[in-house]
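S.K.: One structure, as structure tokens, below. Some questions next.
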Amino acid sequence: TRDDRRWQRPLGYARFVAEALAQRVADSRRLFTGRYFRGDFHAHSQHSDGIGTVTELAEMSRAAGLDFQFVTDHWGLTQAAECRREGLWAGQEPGTQHHHLGILGLRRAFAPEGDLLRDFRAVVAQGGLPYIPHPAGWWPKTRYTEVQKQALRSLPDPFLMEILNGANQTGTAFDGTDADAIRLWDELLLTGRRVHALGNSDAHAPHGIGCVWNGVWAPRCDETAILRAAAAGRLFVSEAPLLDLRVGAAGMGRRAGPRSAAGPVRIRVADAQGLLRVRLVADGRVRRTWHPDGRPLLNADCPVPRGTRRYLRVEAIAIDGRRGFTNPVYLPS
0 TRDDRRWQRP
10 LGYARFVAEA
20 LAQRVADSRR
30 LFTGRYFRGD
40 FHAHSQHSDG
50 IGTVTELAEM
60 SRAAGLDFQF
70 VTDHWGLTQA
80 AECRREGLWA
90 GQEPGTQHHH
100 LGILGLRRAF
110 APEGDLLRDF
120 RAVVAQGGLP
130 YIPHPAGWWP
140 KTRYTEVQKQ
150 ALRSLPDPFL
160 MEILNGANQT
170 GTAFDGTDAD
180 AIRLWDELLL
190 TGRRVHALGN
200 SDAHAPHGIG
210 CVWNGVWAPR
220 CDETAILRAA
230 AAGRLFVSEA
240 PLLDLRVGAA
250 GMGRRAGPRS
260 AAGPVRIRVA
270 DAQGLLRVRL
280 VADGRVRRTW
290 HPDGRPLLNA
300 DCPVPRGTRR
310 YLRVEAIAID
320 GRRGFTNPVY
330 LPS
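This is the structure in structure tokens:
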């Protein structure tokens, strides 16, 4: 049983932080053109191992200024009716071989067989969108083995994978398990795989909602449009900065054609709080770095770094340490 005084006071602090970040993002949006929607594909309620109600998750999602919120409980879809009443979307996160499996867009409970590849394919065959949550583990103590990490090489191309996971965090998400996930992401990308990134709160209490989110470039904010854009990698992952990357005519999640692969690389990053550093990563190596010195906006063009064969992506850090990542633009194979 929750002690309401011990619950409400920290929840109030978390709401204050979420509202402040929502205002910061609203200020950044005035500097950053383009239509995107902010949201979270991964959170838990009392219908599994979360300690908040669906209503409390909805209230915090609104305080954080999110345009959409999935509640992905572990044991089916018993939360779905409450989600509909609160304007949230219901997903699932069952366990399977080596990993958990995030499932979006299915209207019935998924029964895993305990085989990662078979379960992944079954979700797709049933019309759902699967993703891999916390691929290297989660804070503070869970670390995945190399066997678990290498199992991801068996998945069909492309697939979605979290690079930031906010489990057991409030305010911000990035920690050592996310650094490990980003290294794993680059390793997979270097093999020629297309791995689209997600960043989700994995909130098991409403206090964590808003610590990380996705900026999804979609024509409208309904579940079908958001999932279609996410499946194509048309999003950036962020704790605050807004980001976009283009290589020639190719945007995030796209494979550049021969003309686009010649460049130029166009980078846009905004954060009203101020930017500390922006980096262009090509084939797993930092090839260009910009130091905005606290300015809120970076617009930069540069050539495709010589020798780049697989992909380019951008990462940014604000002056208070909050991070953001584009999805890759993939080069011709």
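107 is the number that our numbering gives to position 108 of the sequence shown; each next residue is one higher, with no gaps. Every residue, glycine too, gets a C-beta built ideally from N, C-alpha and C.
Please go through the stretch 174–259 and give each complete alpha helix (DSSP H) segment of 4 or more residues, from N-terminal end onward.
M.R.: 175–189 and 222–230
S.K.: Quick one: grab the DSSP three-state call for W74.
M.R.: coil
S.K.: Would you report the Cα separation of G64 and F40, rounded to the nearest angstrom?
M.R.: 15 Å
S.K.: In the DSSP assignment, find the unbroken alpha helix (DSSP H) run with Q147 in it and report its ends.
M.R.: E145 to Q149
S.K.: Taking the alpha-carbon positions, what's the D26 to D66 distance?
M.R.: 16 Å
S.K.: For T333 and A79, what's the separation of their Cα atoms in angstroms?
M.R.: The structure shown does not extend to residue 333, since the chain spans only 0 to 332, so no value can be given for it.
S.K.: Going by Cα to Cα distance, which pick from Q272, A196 and A202 is closest to F324?
M.R.: Nearest C-alpha to F324: A196.
S.K.: Looking at the structure shown, is Y12 part of a helix, part of a strand, or coil, going by DSSP?
M.R.: helix
S.K.: What residues in its chain sit with their C-beta under 7 Å from that of H290, if we drop five residues either side in the sequence?
M.R.: R276
S.K.: Name the residue from R5, A62 and A42 whose alpha carbon lies nearest to the alpha carbon of Q91.
M.R.: A42
S.K.: Note down the Cα distance separating A249 from F235, rounded to an integer number of angstroms.
M.R.: 15 Å
S.K.: How about the stretch 196–212 and the stretch 158–175: do they share at least three Cβ pairs that are nearer than 8 Å?
M.R.: yes
S.K.: Ends of the alpha helix (DSSP H) at A172?
M.R.: That residue, A172, is in no alpha helix (DSSP H); it is neither H nor E in DSSP.
S.K.: V264 to L183, Cα distance in whole Å?
M.R.: 24 Å
S.K.: Determine the contact status of R233 and W212, defining contact as a CB-CB distance below 8 Å.
M.R.: no
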